[in-house]
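Residue numbers (our numbering): 8 to 328. Yeah, the Cβ is synthetic: ideal placement off N, Cα and C, and Gly gets one too. As the structure is a computational prediction, the values presented were derived from the model and not from experiment. What follows is a set of notes on a single structure, which appears directly below.
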Amino acid sequence: MSGRSVRHLAICGLLVACGGELDAGFDEPHGLLPVDERSPIVVVNDGALDNWQVEYAALLASSRRARLVGLVVNSSAEYPSLEANVSHFRDLIAAGRTSGMTQLPDPVASVAPSLVRPESGVMEDTQPNRSEGSRLIARAAAEHGTRSHPLAVATGGALTDVADAYLQDPQLAERVVVVAALGNKDATGATTEDPNGARDAWATAIVIGRLRYVQVNGYYDQLLDVPEERVAELPDNAFGAWIASKRASLLDKLVACDQVSVFAAALPWFASTVEKVRAETADAAVLVTDSDGPVWHVRSCRTDRARDEVWSLLSAPSTFR
């Protein structure tokens with residue numbers, strides 16, 4: 008072996024011994040986003056009945072297509088009862104476990120009132136809530152996240168808990184990527200308000216300004232995921248029964264499909280059109296196209312392929328051990 012090779016191996020060994028991460032090809036993201044199927048996932052949402060976000064996260068986790076390491080449940084104006092929200096998610100998880108699904112975490116209730124912008128306007132001066140959800144995110148990031156394979160926080164509601172976690176530990180920025188079903192696209196980029204972003208506008212500003220942030224606006228018609236003519240194809244178990252019974256409560260709105268955040272985090276091929284954007288100086292709720300911008304904006308997604316993937320997992324015996 009040449010002296011140069013020996014030196015290279017010695018440097019690599021030193022990096023590993025010191026806890027460093029090697030910037031090799033296997034550490035590069037597999038898709039267009041800074042997360043992929045190797046990234047552990049924490050899901051954050053409020054209501055359990057209006058979309059398929061957690062059902063699809065559970066399917067991916069049980070089939071070992073994703074690592075679901077946390078489930079945070081909030082309340083909101085639309086779903087004001089935290090107790091009811093948590094109860095619904097517990098029923099969902101119980102249906103999965105009864106059906107033989109594994110790798111499903113218990114839902115964690117999080118009281119997360121909107122953060123208050125301090126008089127100084129400095130984000131780090133914001134008083135944190137220190138909510139249960141924020142502490143779960145911080146623990147999961149410390150335990151599972153790295154710079155190259157960060158914890159993906161897939162959100163379908165306000166970003167309060169994520170911003171709260173950052174306020175308690177700014178080092179979170181090194182180990183977390185927020186993947187949000189939030190706001191909407193427009194001709195010049197995107198907005199970060201409805202849906203979800205305006206629920207806590209200051210938290211949204213903190214997340215965009217301080218963390219790696221992916222905004223997924225490839226919404227689609229979720230009512231087509233489980234149409235009436237395919238109900239008979241659902242698995243004959245408690246999880247299949249849960250999905251069948253939930254169909255009637257789904258929101259008939261394109262922007263309601265929070266599952267796009269989970270798909271974008273776990274399936275490298277899902278995001279088909281991605282642009283870089285930045286927050287407008289005059290209005291932080293406006294994201295404008297900028298090739299050097301810090302934000303990944305997903306304008307379109309391979310939703311038909313994702314739907315096929317879901318049905319493949321629903322029909323696979325290995326999903327229900």
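Contact annotation, leucine 174 with alanine 148: C-beta distance approximately 14 Å; criterion of less than 8 Å not satisfied. Among the bridge pairs identified by DSSP, histidine 151 is matched with none. Apart from sequence neighbours up to five positions away, the residues of its chain that approach threonine 105 with a beta-carbon distance below 7 Å are Ala245, ordered along the chain.
Taking all protein chains in view, the Cβ of glycine 225 is crowded by 16 or more other Cβ atoms within 10 Å, so the residue is classified as buried. Taking arginine 314 as the centre and dropping the five residues before and after it, the same chain places the C-beta of Asp232 closer than 6 Å to its C-beta, in chain order. Taken through DSSP and simplified to helix, strand or coil, asparagine 92 comes out as helix. Between the beta-carbon of isoleucine 144 and that of valine 118 there is about 15 Å, and that puts the pair past the 8 Å contact cut. As for any beta strand (DSSP E) of minimum length 3 sitting wholly inside the segment 178-208, the runs are 183-187, 191-193, 196-198, ordered along the chain. For tryptophan 59, the three-state secondary structure derived from DSSP is coil. In this structure the segment 270-278 does not touch the segment 193-211; the number of beta carbon pairs closer than 8 Å is below three. Note on histidine 95: 16 or more other CB atoms within 10 angstroms of its CB, so buried under the neighbour-count rule.
Its Cα nearest to that of alanine 187, the residue Asp201 stands out among Asp201, Val76, Glu150. Residue pairing for histidine 304: DSSP places it in a beta bridge opposite Gln222, Glu282. In this structure, Pro135 is the residue among Pro135, Ala73, Val50, Pro114 with its C-alpha nearest to the C-alpha of arginine 124. Between tyrosine 220 and glutamate 240, the alpha-carbon positions lie close to 37 Å from each other. Between the segment 58-76 and the segment 253-264 there are three or more inter-stretch CB-CB distances shorter than 8 Å, so the stretches are counted as touching. Between asparagine 52 and valine 93, the C-beta spacing is not below 9 Å. Taking each of Gly216, Lys253, Ala212 in turn and checking the Cα distance to glutamine 229, the smallest one comes out for Lys253. Residue nearest to leucine 89 within the set Thr167, Gly103, Gly54, Arg285 is Gly54 (criterion: CA-CA distance).
A Cβ-Cβ separation of about 6 Å places arginine 74 in contact with isoleucine 48 under the 8 Å criterion. Distances from the alpha-carbon of serine 69 to those of Arg312, Ala91, Asp43, Ala102 put Ala102 closest.
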